[in-house]
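Undergrad: According to the UniProt record's numbering, the stretch in the sequence shown is residues 1 to 708, in order.
Even glycine gets a Cβ: it sits at the ideal position worked out from N, Cα and C.
Input: one structure, supplied below.
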Amino acid sequence: MASNGSKRVRPWDKIRAQPLSDKATKVGRDSQSLEDVPPVEVPRIAIDGVEFLSDRFYLNKTIYDDGIATSASPGGVGLYATATSCTNACRCGARCPPPLFDRSRLVAQLNLKAAILVSYTVQPSWLAKEFPTLLGPHANVPTLVLHGKKGLIADPIHGGAKKYKIPTKDEQDDSSFTSQDEEESPRDEAVQNCPAPPPVAKATFSSTRNAAEKSYSERAFWTQVQNAFIPSQHIPRSRTAWLAEDGCSLNPSLIEHRVYRRGVHHPKFMILLERSGDVVVVVSTSNLTEPRATDASWLQRFPAARSSRERKLKEEEDDFGIVLTNMLEAQTLSCRKGHVTPMGFCRQELGWNSLRDLTKHFDFSKAQVHLVATIPGDRLSKTASPSELFGRQRVSAVMKRLSQGPTPRLPPILRSEDDRLIVQPTSLGSEWTRANMTEVVRSYLGHEDRDVSKVRDAQIFPRLDILWPTERFMKAYRTGFAGRGSPASVVCIGDAFDTKELVLFKENEGYLFLSSDTFSKIDLSCLSRMAQYEVSVPLQRSCLPPHIKSICRLFQGNDYRLRQDYGLPKSEEIFSYFLLTSACLSRGAQGETLTQLGSRETVVSYANFELGVLFTSRLQGKASDRVYGWKPAQCMCRNRPRTSLIHLPVPFSLRPARYQSDRDDVEFCETPYFHEIALGTACVGNMKLTPYGAAIANQQESKRIDIP
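Below is the structure:
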């Protein structure tokens, strides 16, 4: 693990385009000087006097952080890095990291009339304390909590039991189709205290509440969203027909047409509706649980809509509201039987006719990001509009649109054939092959359409890096290791290694998921793209286990031209785009390309609900030009450059070491972190290529030799 600030030299660095080389593409800029052009005002939200801009993301504050803004020394090790005071004079990221985002403080200072909170898992008892104005016993703000906890129903509310209750046949409806997910594993408390709907009139807004329920707001409604979709031919045109007679839950007749997928409801976002008529949207990588890991969030306030005519003119290009509406409608059609739906909630509490009123009531034309949603189902890529595409297809469509026209927002100078695709997940799915992984890389690098792109797979695949922590990294930062099965079926990796000096922190369980069984089911060519997750230097926050998820296109072109032609300040790294997302590297989240039966058309099949925000660089020779980067060479707070350089507080190294010492090696020089090593899998398949697996194999061989 790197402990200094020197930049690693990778084989692909040696062929990086040099200044004035033929490989650089010169793109002219507007000759108009920007000295007399007023700067573009970026939307921002002040929290306790600290401004959070909407053209970037921020790392989240955790229970370990005392102040809003912290700085850490590059040499800090252990669970807590050495914190030093950080001057507020610099806000560009050159001298100190940006402030940490505290979502509880945001909610506390807003005057809300309603809220929708979305997560994979929830921790209700903590939420009631963290958001007392929404979920506390005396809260009076209508709040809908959408979560994805599956399987058995935790029912401590009715009778106060602390045990799981087996659903009856009527209660099961579609939960019997769910499976154990491999994305995240909530602690027991997060499930046990989740208020279940009353057994009678589940979706009504008034019901008799027992003593246990009184610890939560009577205006809070907890809804499970299942991984399913309804084929379009079975969805009524009239959205009022989507709801049951109670006006809140889903029409039972629609549930009969559901198609179920083995995935998870995984997005994390908030829709906070203010009494002023504005709405604040927060998209995050953090669940509605106590924050103990490295997460990140983006936020923006959108004003009430003024002119419907202006809104229609801008919707084609600025489809933020449309994508958000599509997500809420898909969640409505996937809500558990009898639970309050987003549509029902908005009709009852806000007086909306349907969720499409979202784009009527609010002006999303100034959105600083592109929403990237993933919804279960099969999606064609050539016939849908960009707002109806999901996941990697959505990213590909947005980047294609921004790259077109006489003065594209994303000109060729920001797109190099040598650009890297950095994928940083917190969960790796199984059965990845070179073929389906290449399809994912093609989409994110803009070569999805094989009829147009002539770039061969052999040129695409090597541009991928998959960042994953090593066992050594996790041990160095004293993060807990935990198996997710029963003690009889698995061995914790913390016990498999020398753990005399290892302190286990149970609260840090459940953030990274890669099992030995999954590892052996991934094609070796895909494992060869793995690189070691290392913290960035300088640190952007105290060191904690990563729960942030991201995908970025790391610029490898001629940055000299960018500085000369556009006046871009120098920085260590540049991003063509950066996607902050809830999606990990599983086929359910990234989609699997399939050929339809009886047709030559291909579809991308998704199983998860996910949501992310896409930050895209833009260069048009205008005052609105901005380029995303990492680690500016000098402070820009007082001197305005011709092109804005926006520092993103990426908490990991963008030029990490590979897991193989040489590109031709198959053996790993470090052991990846495994949350679980099942008995009998430690030294079989791909596990034999890791130092740990090789050591176990040698031990077993020695025992066999010693036996007379």
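So if DSSP puts Phe615 in a beta bridge, which residue, or which two residues, is it bridged to?
TA: Residue numbering aside, residue 615 sits at position 615 when the sequence shown is read from its first letter. Paired residues: Phe578.
Undergrad: Since Val264 and Cys335 should fall inside the 8 Å C-beta cutoff, what is the C-beta to C-beta distance between them, to a whole number of angstroms?
TA: Position 264 of the sequence shown, counted from the start, is the residue given in the question as residue 264. Position 335 of the sequence shown, counted from the start, is the residue given in the question as residue 335. The beta-carbon distance between Val264 and Cys335, rounded to whole angstroms, is 15 Å. This is too long to meet the 8 Å contact definition.
Undergrad: Report the start-end ranges of each beta strand (DSSP E) in the stretch 330–403 that is 3 residues or longer and not cut off at the edges.
TA: Taking only runs of at least 3 residues, the beta strand (DSSP E) segments lying wholly in the stretch 330–403 are 370–374, 377–380.
Undergrad: Enumerate in chain order the residues of its own chain whose CB-to-CB distance from Thr438 is below 7 Å, with the five nearest sequence positions on each side excluded.
TA: Counted from its first residue, the sequence shown places residue 438 at position 438. Excluding residues within five positions, the ones whose Cβ falls inside 7 Å are Asp457, Ile460, Phe461.
Undergrad: Within 10 Å of its beta-carbon, does Gln700 have 16 or more other beta-carbons around it, so buried, or fewer, so exposed?
TA: On the sequence shown, residue 700 is found 700 positions in, with the first residue counted as 1. Result: exposed.
Undergrad: For Phe320, does the three-state DSSP call read helix, strand or coil?
TA: Stepping through the sequence shown from its first residue, residue 320 is reached at position 320. Correct three-state label for Phe320: helix.
Undergrad: Taking 8 Å as the threshold, find out whether the stretch 335–355 comes into contact with the stretch 231–248 through three or more Cβ pairs.
TA: yes
Undergrad: Take the Cβ of Asn337 as the centre, count every other Cβ of all protein chains shown within 10 Å, and call the residue buried at 16 or more, exposed below.
TA: Taking the first residue of the sequence shown as 1, we reach residue 337 at position 337. Reading off the sequence, residue 337 comes out as Lys, not Asn. Burial call: buried.
Undergrad: Suppose the cutoff is 6 Å on Cβ atoms and the five residues either side in sequence are ignored; what does the same chain contact list for Gly429 look like?
TA: Along the sequence shown, one-based indexing puts residue 429 at 429. Only Ser586, Arg587 meet the Cβ criterion.
Undergrad: In the DSSP assignment, what residue or residues form a beta bridge with Ser297?
TA: For this step, residue 297 is matched to residue 297 along the sequence shown. DSSP, once it has assigned bridges, lists Tyr58, Ser284 as partnering Ser297.
Undergrad: Counting only the same chain and skipping the five closest in sequence on each side, list residues whose C-beta sits under 6 Å from that of Val323.
TA: If you number the sequence shown from 1, residue 323 lands on position 323. Result list for Val323: Leu371, Ala373, Ser387, in chain order.
Undergrad: Given this structure, state the Cα-to-Cα distance separating Ile116 from Phe652, to the nearest angstrom.
TA: Working through the sequence shown from its first residue, we reach residue 116 at position 116. Working through the sequence shown from its first residue, we reach residue 652 at position 652. Each residue's alpha carbon lies about 31 Å from the other.
Undergrad: Leaving out five residues before and five after Ala139 in sequence, what residues of the same chain have Cβ atoms less than 6 Å from its Cβ?
TA: Here residue 139 is taken as the residue at index 139 of the sequence shown, counted from 1. Cβ neighbours of Ala139 beyond the five flanking positions: Thr133, Ser217.
Undergrad: So Lys688 packs on Ala694, CB below 8 Å; how close in whole Å?
TA: Counted from its first residue, the sequence shown places residue 688 at position 688. Counted from its first residue, the sequence shown places residue 694 at position 694. Indeed, because the Cβ distance is near 6 Å, the residues count as touching under 8 Å.
Undergrad: Just grab the DSSP bridge partners of Pro672 for me.
TA: Here residue 672 refers to the residue found at position 672 of the sequence shown. Bridge partners of Pro672: Thr470.
Undergrad: Are the CB atoms of Gly557 and Asp418 nearer to each other than 8 Å?
TA: Your numbering for residue 557 matches position 557 in the sequence shown. Your numbering for residue 418 matches position 418 in the sequence shown. Closer than 8 Å, so yes.
Undergrad: Which stretch, first to last residue, makes up the beta strand (DSSP E) that contains Val118?
TA: Position 118 of the sequence shown, counting from 1, holds the residue named residue 118. Here the beta strand (DSSP E) through Val118 covers 112–118.
Undergrad: Between which two residues does the beta strand (DSSP E) holding Ile47 run?
TA: Numbered from 1 along the sequence shown, position 47 holds the residue referred to as residue 47. Here the beta strand (DSSP E) through Ile47 covers 44–47.
Undergrad: Please report how far the alpha carbon of Arg541 lies from the alpha carbon of Ser617, in whole angstroms.
TA: Here residue 541 is taken as the residue at index 541 of the sequence shown, counted from 1. Here residue 617 is taken as the residue at index 617 of the sequence shown, counted from 1. Cα-Cα distance, rounded: 24 Å.
Undergrad: How many angstroms separate the CA atom of Leu100 from the CA atom of Pro425?
TA: Within the sequence shown, the letter at position 100 stands for residue 100. Within the sequence shown, the letter at position 425 stands for residue 425. The straight-line gap from Cα to Cα measures roughly 21 Å.
Undergrad: Phe461 by DSSP, collapsed to three states: which one?
TA: Locating residue 461 in the sequence shown gives position 461, counting from the first residue. Correct three-state label for Phe461: helix.
Undergrad: Would Leu59 pass as a contact of Ala244 if the rule is Cβ separation under 8 Å?
TA: For this step, residue 59 is matched to residue 59 along the sequence shown. For this step, residue 244 is matched to residue 244 along the sequence shown. Cβ atoms of Leu59 and Ala244: not closer than 8 Å.
Undergrad: Just mark Ser571 as buried or exposed, buried being the case when its beta carbon has 16 or more other beta carbons within 10 Å.
TA: Sequence index remark: in the sequence shown, residue 571 carries index 571 (1-based). Buried: at least 16 other Cβ atoms inside 10 Å.
Undergrad: Can you give me the start and stop residues for the beta strand (DSSP E) that Arg103 sits inside?
TA: As a working note, residue 103 is residue 103 in the sequence shown. No beta strand (DSSP E) contains Arg103, which is instead part of the alpha helix (DSSP H) from 103–109.
Undergrad: Determine, using beta carbons only, whether Tyr92 and Cys637 come nearer to each other than 8 Å.
TA: Within the sequence shown, residue 92 is the residue found at index 92, counting from 1. Within the sequence shown, residue 637 is the residue found at index 637, counting from 1. Sequence check: residue 92 is Cys here, not Tyr. Yes.
Undergrad: What whole-angstrom Cβ distance do His547 and Ser119 have, given they're in contact under 8 Å?
TA: By 1-based counting over the sequence shown, the position of residue 547 is 547. By 1-based counting over the sequence shown, the position of residue 119 is 119. That pair is no contact at about 12 Å.
Undergrad: Going along the chain, which residues of its own chain have a beta-carbon closer than 8 Å to the beta-carbon of Val42, five neighbours each way excluded?
TA: As a first step, residue 42 is located in the sequence shown; it is residue number 42 there, counting from the start. Within the same chain, Val42 has close Cβ partners Leu53, Ser54, Asp55, Gln368.
Undergrad: Mapping DSSP to helix, strand and coil, what is Lys703?
TA: The residue labelled residue 703 in the question sits at position 703 within the sequence shown. Here Lys703 sits in helix by DSSP.
Undergrad: Hey, would you say Phe674 sits closer than 8 Å to Ser515, going by beta carbons?
TA: Within the sequence shown, the letter at position 674 stands for residue 674. Within the sequence shown, the letter at position 515 stands for residue 515. With contacts defined by Cβ atoms closer than 8 Å, Phe674 and Ser515 form a contacting pair.
Undergrad: For Gln596, list the residues DSSP reports as bridge partners.
TA: Counting from 1 along the sequence shown, the entry for residue 596 is found at position 596. The partner list for Gln596 (beta bridge, DSSP) is empty, contrary to what the question assumes.
Undergrad: To the nearest whole angstrom, what separates the beta carbons of Arg258 and Ile230, a pair I think is in contact under 8 Å?
TA: Counted from its first residue, the sequence shown places residue 258 at position 258. Counted from its first residue, the sequence shown places residue 230 at position 230. With 8 Å as the limit, Arg258 and Ile230 qualify as a contact, their Cβ atoms being about 6 Å apart.
Undergrad: According to DSSP, simplified to helix, strand and coil, what is Trp630?
TA: Taking the sequence shown and counting its residues from 1, the one referred to as residue 630 is at position 630. Note: Trp630 maps to strand in three-state DSSP.
Undergrad: State the Cα-Cα distance for the pair Gly612 and Val281, rounded to the nearest angstrom.
TA: Sequence index remark: in the sequence shown, residue 612 carries index 612 (1-based). Sequence index remark: in the sequence shown, residue 281 carries index 281 (1-based). Near 12 Å, if we compare the C-alpha coordinates of Val281 and Gly612.
Undergrad: Whose C-beta lies closer than 8 Å to the C-beta of Ser520 among residues of the same chain, with five residues either side of it excluded?
TA: Here residue 520 refers to the residue found at position 520 of the sequence shown. Taken in chain order, the residues that qualify are Thr681, Val684, Gly685, Asn686, Met687.
Undergrad: Can you give the Cα-Cα distance for Lys622 and Pro124, rounded to whole angstroms?
TA: Residue numbering aside, residue 622 sits at position 622 when the sequence shown is read from its first letter. Residue numbering aside, residue 124 sits at position 124 when the sequence shown is read from its first letter. Cα to Cα, the separation comes out at about 47 Å.
Undergrad: When the Cα of Ala305 is compared with those of Val279, Ala678, Ala330, Glu610, which residue comes out closest?
TA: Taking the sequence shown and counting its residues from 1, one reaches residue 305 at position 305. Among Val279, Ala678, Ala330, Glu610, the Cα nearest to that of Ala305 belongs to Val279.
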